[in-house]
Structures are given as C-alpha cells and as structure tokens.
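Notes for the one structure printed next.
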C-alpha cells in the first residue's frame, strides 16, 4: 500500500533535498528576470514587515520590565456632568494615602508631581535637567534598577536625589557621584543617594533625576480633593480583583469632600494597560494606541501577502514552461508528494535569499524609520530568539508563497503536458486574475486611508485655535525671574522686543491641571461641581495670548487689588454653569466665592480633535511657573530673541535663557496622527511598488506567451497602438475591479477611524477618485513598457515554426 503514496526518490531524503536545492538554484539562474522580480518583491515586502514587527514588539514591551507590573495601577478620576462622563489621570494630593490607609488591598502608593527643567550647580559648572518630585515608595514600586545606592532608602531623606547614569556623568565627570552634594536652582543642596541605570526607550516615564516630594511638601501640598495636580500610582496586594475593588473605592472622594467632589468617582486602571489602552470615552476604556498597533500589524501582514501573491502569480504564469518537466517527472515515476516538496524547496530557497536581502534592507532603513517613529529600534543579532523568529518568518513566508504554485504545478497530467496541451484556465474564474485584483485592492485601500488621515490632520491643523499662536514664546519661571518680573517685562516692551507679557501657572498648550467643585448659587444638579481645566495668571493674559474677550475685562492686580479672589471663564464654562450675566457673579469652589470679571472665547489647550471643555483662569501671584511673551512682529525673530536673552541674563544671570515657541509646541499635538499618516503613506507606497513589480513580471510573461498571436495580428494590419491597448486593457480592467472593491471597504474602515474624533472631516469623494485614477495610471504605465515592446517586435520572429 505504501507504494501508492511513496516513490523511490522519497527514501533517500538527504540526497533528494540536495538535488532539489541544486535544481532550485539552477532555475534561479536560468530565469533571471523572474528571479529578480520575485526576490526583490519578497525582500521589499519582508523588510517592510520586519520594520513593522520591530515597532509592534517595542509597543508591546512598554513598561513590561517592572517586576510589580501585574499589581501596579494608576489612579483615575471619573467626572459625571450633563455634558457626559469624562476621565482624567490627574488626581488630588491626598487620594493615594487615603487608599493605602483605608483599604488593606493597597500595599503601597506614590505620587508624581510634574516639574519644569531645573538648573543643577556643581562647583563652577551648571546644566539643566528634567525630572520629577516623587514619594519615596516610587523606587520600590517600579523596577528602575540602581547601579549605586539602595532603592528602598534612596529617597528617605527629604534632601536626597537620585540621578541617572548619564546625568551623573554630565555633572560629576569621572568623580564618584554617590554622596556628593549638588545644588538645584542655586538654592537647596541635595545629596546624591542613588544612581539609576539610564531609562530604556520603552517606558512611559521620562526623567533624568528624582527628588523626594517631601522636600517641597510645604510648597506643593494642597489637601483639597478638588485640586488635581498629581499622578498617583498604587501597588495592590497580589490577587486583588480590580473590578471589585473599584466598586469599594469609587465614593472615596465624595466621602472626604462631599461638596467639591460630589460628582467625582475614583477608580484604578492597570498600569500594564496604560500605554496601549489609555484612551477613555464616557469614562470607560476605549482603546488607544493599540489601534495603531493593530493597524501596523495588519499592514505588515498585507505587505507580506502582496509579496507572496507576486510569487504565486509569476510561478503559475510559468506553468506552460514547467508543464513538460512535470510530465517527464511523472512518467519516470515521481508522485505528486515529491513534486510538491520540490517546488516548496524552490520557494524556500528563493525566500531564504529574499530574507537575507530583507534583513539588509531593514538594517539600512532603520535609522530613517527610527527618525520617523521617534524610537530607538534595533535588530538584536546576538539574541537567539530573534534568529528563531527570523527563521520561522522565512519558513512561513516560503510556505505561504510557494504552497499554491506547488500544488498547482504538481497537479498537471503527464499525457496532456507531453502532448503540449495548455494548462491555463479558460474559465471566467482565473486565480491569477483574482490575485492581481486582491493585490491592487489592498494597495488602493492603503492609499485611500493615507489620504484620509492626511486630510483629517490638515483639517484639525487649520482649526481656529482661539488665540493668536504666532510670535508667542514661553520662558519657564526660575531663579530671579519671579522677583524681577516687572523689570524684565518693562525692558522687553520698552526695547520693542515684546508687545505684551504675562505669567501663568502652566504651559498654555497643555491641559495640565483640573479642578472640580465649581458651582453657583441656585444652580441645578447638572450645573454643580463641574470639573474645569485650570490656569493661573497674574494679569495681561487676554492681551498676551491674543484671546477674544466677549464680556468684562482681564485680571489686573494693579488696577483692581481685589482681583486676588477673581477669575475669568471661557464661553463653554459659562454655558455649563448656566450663567446669563456672568460678569460680577460669584462661583464657588467648595466654600470660597470667586468673582467672575471676564469671559473669553474658547481656545484649545486639549486635543485639537475634540470639543473645548470648560476652563477657568484664576488670579494668582503664587502659583506661577511660566512666562508668556508676545514678540514684536516688526522685529526680526532672531534679533528679538537675542535682545530678550540679554535682558533675562541681566536680571537672572545664574540661569541660561530657555524658551519654547508656542506654535511648535502646539504642533506636537498632531505628532501621533502625523506619524500614523506617514507610516500609512510609506507602506502604501511599498504595496504599490510590489504590486507593480508583479504586474511588470506578469506583463512580460503575457507578452511572451501571446507573441505568436501578436505577430499574426500585426501581419493582418493591427497597429502598435491597437495591440498596446489590447494588452494593457486586460490589466486596466483588473485594476478597475480592484477599485470597486477597495472603495466601499476603505470607506467603512476610515469612517470607523474618524469616529474617534469629535472634530472631524467628512470623507468626501476626492480620496477615492485620486486613488483610483492613480492606480489605473500606474498600472497602465507599468504594463505599457512590455506591451509596446511586444507590439513593436518583428512578427516574423514570433510566428516562424519552432
């Protein structure tokens, strides 16, 4: 019975495998055009997939290195109002300790306070570095390894500091940094109690130093449950059910602050999900970066599929040439199993060459890819896991690409092939045509998607920001700037450098703080305890920002000393509070009445893709960390900045002049979507290239197989143009079918993607027309070269007897 399934060749597997490999490389040499197109297409497709998979692997690895990863959670607030349910990970100061003290499920907690870059002074040297103020438990909750010092006690002392290796090297050079004293902001001296390994690139945290939050407790502490300015993390006891625990803690803010936090629920969200699933809608998790990960995984699979389709099409296109070989092999006793094995060996040989070339292309393309994605990806050649994955990747690609041709070619009947019979299908259903349609459908879908993404970004970028974004510069308040603010402002304006200047509590492009508990007397339930985006200013906010004041006036301490208990509201806040005549009215934050002195049109500090929320600008001279300067447009920017630096150096000599353009910072809000758009465009281009490469190969074989027909047509009077139209027309029809398939599919995909944005475009007809016309034009141009060449050939050569 075994003889039915096996032939003699199968017993000597090693000999036959060597023979098949020799045959595979002989075929590669004898069919140079076919080999070049197949190897190039597979290599480009595999390289694109490798880069994609490196990016995806990096995304999945974010903060996975923390040993407590499964028990770490971030504390969130859920706000309930008539406008809907919102969620924020910026919390109040006391919530972490309240959770730890009140619930045995909480093992530890730590707060992080956002700070500006600080000036480090050591001997005669100084430099600026970014860092955070944290509770001492931070280093034991998170696994940032110390190369020197003890994580459990490094931040015990209020004046202790932990540095990264890189920052320690910058400050102390070759001196041992441990136990050295370094001064921050020319004030407090901190003792170096630990040296951290430099942070990996796959973490959400971004700091060069950590200091104890206790050192600035008096400055930062605000026991109000309605003042949200901290990130809070907790470590749960192993085995704690987060869902059940959230039910226990959701009322904790209301219990401690019945008035100000009546509409606030507290909940925990797993830290391990923050990077990929950090998006919330209506107070509930709603995806996030995982959507981009899935998109790029899908693109990687599609690129590889298109490259494999090329291989399938070109292999089956050669069926006429391989038919006689198959017939002879079968007459000599070969069974289908051995033929399948032979063709798969050829496929794997070609895929192996393509894989090595793909690795080279990926390595050469990594610097540009890293620059585009803002990552530090690399191929770990010394890691056996990477090589196992690479070998598996080649095997999978080889089997995927070679399986259909292997079974197709091995199915030929020897009698028919040896008589010269055709094995091309004459039915309406032609697998090769179906694969071409599939290729171009995928390519067109990606092109349409890239166009829609770019149009959505452009739409949001052209949205009215609500303020004059040009010529605005921000300078952090540090050193003597606060003390000499009036003198600096006067010199900047008198010298013509600036036309206006103000101080704020935060960067004006960042929604960095929120406050709840605002209401008015006589308000209904929906108008009570609204959560606001919060800013502080010492005056001249409207003029400097270029805002539109619709009612009342700006905050002005000089003319109105009572402004210490005043505020301004945006129009959305007025609407939500139900204020008909807001100016002169008082709103409450807990029990403190605050007088409304002005109303301004909404301006964007949150995502430009969502509606603007309620905002309050509070009068303050204390909580000031930022300076906003409106440069004089009549003065050249470079010259104005040089003069500004001289003035700041005059009044704040110990600090370097550090500034940021507001328009540049605002543009960063588009980074994620722009990155997605660029990646989609690049990979769409790759799919088009691979598809056209395959189309070129198919056109070559088509012209060769139909050479006799073309020769006869020319003898009968057909023109070169007529023959070219005939040959290109077949492919144009296939691309047209691909367009009809791609249009509805891409519309469904992009319409779903756009639902993530409150402020969004309508898809329109333009992306479909542009993509479809481009696809047909590119396909026709690709095929035309071979078509014209075939049409101009001498008919005598093609119709003479063989």
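In UniProt numbering, the protein residues as written are 1 to 802. No residue lacks a Cβ here, since even glycine has one placed at the ideal position from N, Cα and C.
Burial is judged here by how many other beta carbons sit within 10 angstroms of a residue's own beta carbon; residue 228 has at least 16 and is buried. Taking a cut-off of 8 angstroms for Cβ pairs, the region 435-449 and the region 556-572 do not touch, as fewer than three such pairs fall below it.
Here residue 182 really is in contact with residue 122; their C-beta atoms are around 5 angstroms apart, less than 8 angstroms.
In this structure, residue 146 places its C-beta atom within 8 angstroms of the C-beta atom of residue 195. By the C-beta density criterion, residue 559 is exposed, having fewer than 16 other C-beta atoms within 10 angstroms. Cβ-Cβ distances below 7 angstroms link residue 126 to 119 and 120 in the same chain, with the five nearest sequence neighbours on each side left out; the list follows chain order.
Here DSSP, grouped into helix, strand and coil, assigns residue 256 to helix.
DSSP, read as helix, strand or coil, puts residue 758 in coil.
One alpha carbon belongs to residue 751, the other to residue 743, and they sit about 12 angstroms apart. By the neighbour-count criterion, in which 16 or more other beta carbons inside 10 Å mark a residue as buried, residue 354 falls on the buried side.
The C-alpha of residue 632 is placed about 5 angstroms away from the C-alpha of residue 498. For residue 129, the closest alpha carbon among the candidates 604, 376, 655 and 679 is that of 655. The beta carbon of residue 673 sits closer than 6 angstroms to the beta carbons of 457 from its chain, once the five residues preceding and following it are set aside; these are given in chain order. For residue 193, the uninterrupted beta strand (DSSP E) segment begins and ends at 189-196.
Looking at the DSSP output, residue 113 shares a beta bridge with 133 and 230. DSSP, reduced to helix, strand and coil, places residue 355 within a helical segment of the structure shown.
For residue 727, same chain residues with a beta-carbon under 6 angstroms away, outside a window of 5 residues either side, are 787 in chain order. Per the C-alpha coordinates, the member of 102, 365 and 160 positioned closest to residue 253 is 102. Distance check between residue 238 and each of 71, 172 and 693 places 71 closest, using alpha-carbon atoms only.
Taking residue 487 as reference, the option from 395, 544, 648 and 299 with the minimal CA-CA separation is 648. A residue is called buried once 16 or more other Cβ atoms fall within 10 Å of its Cβ, and residue 740, having fewer, is exposed. Residue 601 and residue 534 have their alpha carbons spaced roughly 15 angstroms apart. Closest option to residue 346, judged by alpha-carbon separation, among 699, 746 and 38: 38. Comparing alpha-carbon positions, the option among 203, 198 and 447 lying closest to residue 60 turns out to be 203. The beta carbon of residue 189 sits closer than 6 angstroms to the beta carbons of 181 and 183 from its chain, once the five residues preceding and following it are set aside; these are given in chain order. Shown here, residue 501 sits in a strand according to DSSP, grouped into three states.
DSSP places residue 615 in the uninterrupted beta strand (DSSP E) bounded by 615-619. If you draw a 10 Å sphere on the C-beta of residue 391, you find fewer than 16 other C-beta atoms in it, and that means exposed. Residues 724 and 728 of the same chain have their beta carbon placed closer than 7 angstroms to that of residue 784, with the five preceding and five following residues left out of the count.
Looking at the DSSP output, residue 556 bridges to 539. Around the C-beta of residue 225, 16 or more other C-beta atoms lie within 10 Å, and the residue is accordingly described as buried. Here DSSP, grouped into helix, strand and coil, assigns residue 473 to strand. Relative to residue 745, the option among 201, 93 and 443 whose CA is nearest is 443. In the three-state reduction of the DSSP assignment, residue 140 falls in the helix class.
Among the bridge pairs identified by DSSP, residue 594 is matched with 587. Here residue 192 is near residue 179, since their CB atoms are less than 8 angstroms apart.
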